[in-house]
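For the sequence shown, the numbering used here assigns the number 1055 to the initial residue and increments by one for each residue that follows.
Take a look at the structure below.
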Amino acid sequence: MLAVGLLGLVTGCSGAGALGAEPGVQTVTVAIVSNSQMKDAIKLSPQFEAENPGIRMRFVSLSENEARAKITASVATGGGEFDVVMISNYETPQWAQNGWLTDLQPLVDSTPGYDPADFIPTVRDSLSYHGHMYSVPFYGESSFLMYRKDLFEQAGLVMPAQPTWQQVADLAAKLTDRSKGRAGICLRGKPGWGEMLAPFDTVLNTFGGRWYDPQWHAQLTSPQVQQAAQFYVDLVRNYGEPGAAQAGFSECATQFGQGNAAMWYDATSAAGTVENPDESTVVGKVGYAPAPVVATPSSGWLYSWSLAIPKTSPHPDAAWKFMSWMTSKQYMQRVGTQLGWTSLPPGSRLSTYRIPQYQQAAAAFGPTVLNAIQSANPQQPTVQPVPYQGVQFLRIPEFQDLGTRVSQQMSAAIAGQKTVQQALDQSQEYAATVGESYQ
């Protein structure tokens, strides 16, 4: 059923993707997330085809939640629909361990000019298993705080160089103006392990909370987690955007871009949207600060959309040709010169931040983004020891379900449907059940 369901979602390039491809031509099928930088890659792919006449590209373009579900189902069952899949640093090490992915290290090392040492080390390490890369990064991100410099100046306020969450809450209280339809801050409240749980987990971590102790005993009702959860819920309920319980990344991007929020804590990749005059009314008015902290030196998350080859791909060599094209230094130059320098996929290569045109275009946010990605610490995300890795997720197979369930509880608390204590009590039960399987 999966293959049939996917056919209607295919987008081809320059006539590519016809099921009856001409003799001697390999059709490479790519499952890709439909974010803006990925749409740019689809737009530019006819140039790859022109340079590689024996290869035709066929794209299955999906929303993030759809992509995670369909790609996981296909790869886990050995479906073989895809030659290339877009996954992240959550799936890559787990799927490599399961034997589902092609070891890319020999290809990475033997491709002239590819320069894997140029990948930002934290991103490269997060996409590796036993020192070998099993996916290659298209872009990487951490999290940071965006704020309206003009509103701060009008109110006589100053953003600290390294803000604490309490300082952010105090600023949000002063900048909220309901009469003007302006929230003090936008924070995700939409359920989903990749939606509201991403920013919430960074708050949980820096408050000193953790999901499990080293013996896999659930810790979601600890004083630190209770404090973090109450803080997050109070902040978004008192000073956040309307309808926060259903607001995710896209909704906050719209609210902030239309001038309806004074601050926004979210992914560093949001800078490209915030500074794009086609999508934002606050271009040039935004300042960027590191992810707020409480008890840890840094708290930004680490995420990378990356490309991998399932073991079942019938065309691994052609697949690698396209992947290495889409994740190369040359691709960055191609995007910059043809689509604009703020359109570059950020956070994958160190050399991107040395391109003069990009340095100029990303002057407001580029250094903050690079520093956030380099300082993310998936090995030790919080104050006390933990038996798992990951900042905004736990790198265990059960987390997709567990994280989503916990996010639903937290979203219900934001909506006022239950208390924070009730949400955490239920979350603790979910977490304890998963923890028992590791004890």
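The C-beta atom is built at its ideal place from N, Cα and C for all residues, glycine as well.
Three or more beta-carbon pairs separated by less than 8 angstroms link the segment 1236-1251 to the segment 1447-1457, which places the two stretches in contact. The count of Cβ pairs closer than 8 angstroms, one atom from the segment 1103-1113 and one from the segment 1388-1400, stays below three, leaving the stretches out of contact. When Met-1200, Glu-1305, Ser-1367, Gln-1392 are compared, the shortest CA-CA separation from Val-1337 is found for Met-1200. Sequence-distant partners of Pro-1435 (beyond 5 residues in either direction) whose C-beta falls short of 6 angstroms from its own C-beta, in its chain, are Asn-1259, Val-1445. The residue among Phe-1447, Thr-1322, Gly-1311 with its C-alpha nearest the C-alpha of Pro-1432 is Phe-1447. Among the bridge pairs identified by DSSP, Ile-1239 is matched with none. The Cβ-Cβ distance between Trp-1265 and Ala-1485 falls below 8 angstroms. A distance below 7 angstroms between beta-carbons, with the five flanking residues on each side excluded, links Tyr-1385 to the following residues of its chain, in chain order: Trp-1379.
Nearest in C-alpha terms to Pro-1147, of all of Val-1279, Val-1177, Lys-1124, is Val-1177. In summary, Glu-1305 is buried, with 16 or more beta-carbon neighbours lying within 10 Å of its beta-carbon over all protein chains present. Taking C-beta atoms under 8 angstroms as the contact rule, Ala-1226 and Leu-1289 qualify, at a distance of about 7 angstroms. Beta-bridge pairing by DSSP links Leu-1361 to Met-1140, Val-1190. According to the DSSP assignment, Ser-1197 belongs to the beta strand (DSSP E) that extends over 1197-1202. Thr-1322 has its alpha-carbon roughly 5 angstroms from the corresponding atom of Ser-1196. The secondary-structure analysis by DSSP pairs Tyr-1266 across a beta bridge with Ala-1272. By the neighbour-count definition (other C-beta atoms within 10 Å, threshold 16), Glu-1329 is a buried residue. Contact annotation: the segment 1358-1373 touches the segment 1181-1195, with at least three C-beta pairs closer than 8 angstroms.
DSSP places Ser-1182 within a strand segment (E or B) once states are collapsed to three.
One thing to note: Ser-1128 has its Cβ within 8 angstroms of the Cβ of Phe-1136. Look at Arg-1110 here: in three-state DSSP terms it is strand. Per DSSP, Ile-1174 is not a residue of any beta strand (DSSP E), being assigned neither H nor E. Annotated as proximal: Ser-1088 and Leu-1116, with beta-carbon spacing under 8 angstroms. Here Gly-1470 has Arg-1291 as same chain residues with Cβ atoms under 8 angstroms from its own Cβ, once five neighbours each way along the sequence are excluded.
Counting along the chain, Tyr-1168 sits inside no alpha helix (DSSP H), nor does DSSP assign it H or E at all. The residue from Val-1347, Val-1474, Ala-1315 with its alpha-carbon nearest to that of Ser-1233 is Ala-1315. Annotation: Ile-1096 is outside any beta strand (DSSP E); the continuous alpha helix (DSSP H) that includes it extends over 1090-1105. Counting along the chain, Trp-1149 sits inside the alpha helix (DSSP H) bounded by residues 1145-1152.
Taking 8 angstroms as the upper bound for CB-CB distance, Gly-1108 and Gln-1080 are in contact here, some 6 angstroms apart. The three-state reading of DSSP puts Val-1290 in helix, counting H, G and I together. In the displayed model, Ala-1417 falls within coil according to three-state DSSP, outside both helix and strand. Within the same chain, Cβ atoms closer than 7 angstroms to the Cβ of Tyr-1168 are found at Val-1162, Ser-1378, Ser-1382, the five residues on either side in sequence being excluded. Ala-1298 and Thr-1275 have their C-alpha atoms spaced approximately 24 angstroms apart. Counting only residues of its own chain and dropping the five nearest sequence neighbours on each side, Gln-1221 has a CB closer than 8 angstroms to the CB of Pro-1214, Pro-1346. For Met-1250, no beta strand (DSSP E) encloses it, and the DSSP letter there is neither H nor E. Distance from the Cα of Gln-1387 is smallest, within the candidate group Arg-1403, Gln-1312, Val-1287, Trp-1359, for Arg-1403.
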